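To start, the structure under review is shown below, and the notes come after it.
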Amino acid sequence: MSMSEYIDFVLDRTENMYNIVQYEGHGSFWMVFFIGILFGGIIQYTRVDKFEKIAGFAMGKDTIIPKMLFLAIGITSIALYFAIKMGYASYHVKPMIISGLVIGGILFGISMAILGKCPGTGPVSIAEGRVDVLVGAVGGIFGGYVFTKYYDTIFKPLMGENHGKISLVDVSGEHATFFVLLYGIALIIIAIAIPKMELLDEADLEQLEK
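Using the numbering used here, the first residue of the sequence shown is number 67, and each one after it goes up by one.
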């Protein structure tokens, strides 16, 4: 796949994503747009788009990221489960490929610690004018191109066996409701129990001095 073909592929996938939002009953485009603005606002308010937050989390010196993640996952796990049960939402389970998950998780963790951003906070930082994150985004696009181009010959053999689309709801069977509630509440409790630690940058210190 050439670079131009890859760009066309990305544009087609992006267009398809918007079409799914608009025409498959999962919410209007403007509703998703509003949720995106809300998400960006929360990220800026909590300052988790700062390098110090994610790098500090990787070094064990800042706990804002894990506190937010555990709380968000706990709440949304319960909310999404019941929204799906009532027919207001849906999700698409990805296949479980153990080797691919391990390799991808390691690469993702290393890259996230070096850049100090994740796919959620990166675009917010780019919108704020962070050139370093823009360089990382360009690298991510190039990495996606390499992965797509050499998927069949290099990456697919590395990823290992496909174990199918397995979800925790499927595993828990008739006890799914109890399991989801237990899981969500446990994560919320963990988020509250994690001691608050912050790695402050120069701007934070100046603000505190004022």
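Every residue gets a Cβ at the ideal spot worked out from N, C-alpha and C, and that includes glycine. Since we're looking at a predicted model, the values are computed, not measured.
query, result
"Distance CB(V190)-CB(G107) smaller than 7 angstroms", "no"
"I163 - DSSP class collapsed to helix/strand/coil", "coil"
"Complete beta strand (DSSP E) runs within the stretch 135-206 (minimum length 3 residues, chain order)", "none"
"Buried versus exposed call for D128 [16 or more other C-beta atoms within 10 Å across all chains shown]", "buried"
"Check: K127 C-beta below 6 angstroms from any heavy atom of the ligand COA", "For the structure depicted, the ligand COA is absent and the ligand set is empty, with no information on it obtainable."
"Status (buried if at least 16 other CB within 10 Å, exposed otherwise) for F100", "exposed"
"Under 7 angstroms between C-beta atoms of T219 and D115", "no"
"N- and C-terminal bounds of the alpha helix (DSSP H) containing V246", "A242 to A259"
"Contiguous alpha helix (DSSP H) assignments of at least 4 residues, all confined to the stretch 93-133", "95-112 and 117-125"
"C-beta contact flag for L253 and G102 at 7 angstroms", "no"
"Selected residue, minimal CA-CA separation from A259, among M178, P185 and I130", "I130"
"Any 3 or more C-beta pairs closer than 8 angstroms across the stretch 68-86 and the stretch 150-160", "no"
"I169 versus I150, S238, G226 and L234, residue with shortest Cα-Cα distance", "G226"
"N-terminal and C-terminal residue of the alpha helix (DSSP H) that S238 is part of", "L234 to S238"
"Within 7 angstroms, strictly: CB atoms of I163 and N228", "yes"
"Distance, G182 Cα to A121 Cα", "5 angstroms"
"Separation of F174 from I256, as counted between CA atoms", "24 angstroms"
"Nearest candidate by alpha-carbon position, reference F148, set V235, M178 and K231", "V235"
"Cβ-based neighbour list, K231, same chain, cut-off 6 angstroms, excluding 5 preceding and 5 following", "V159 and P161"
"Host alpha helix (DSSP H) of V262 (start-end)", "As written in the sequence, residue 262 is Lys, which differs from the Val given in the question. Looking at the DSSP string, K262 is not in any alpha helix (DSSP H), and its letter there is neither H nor E."
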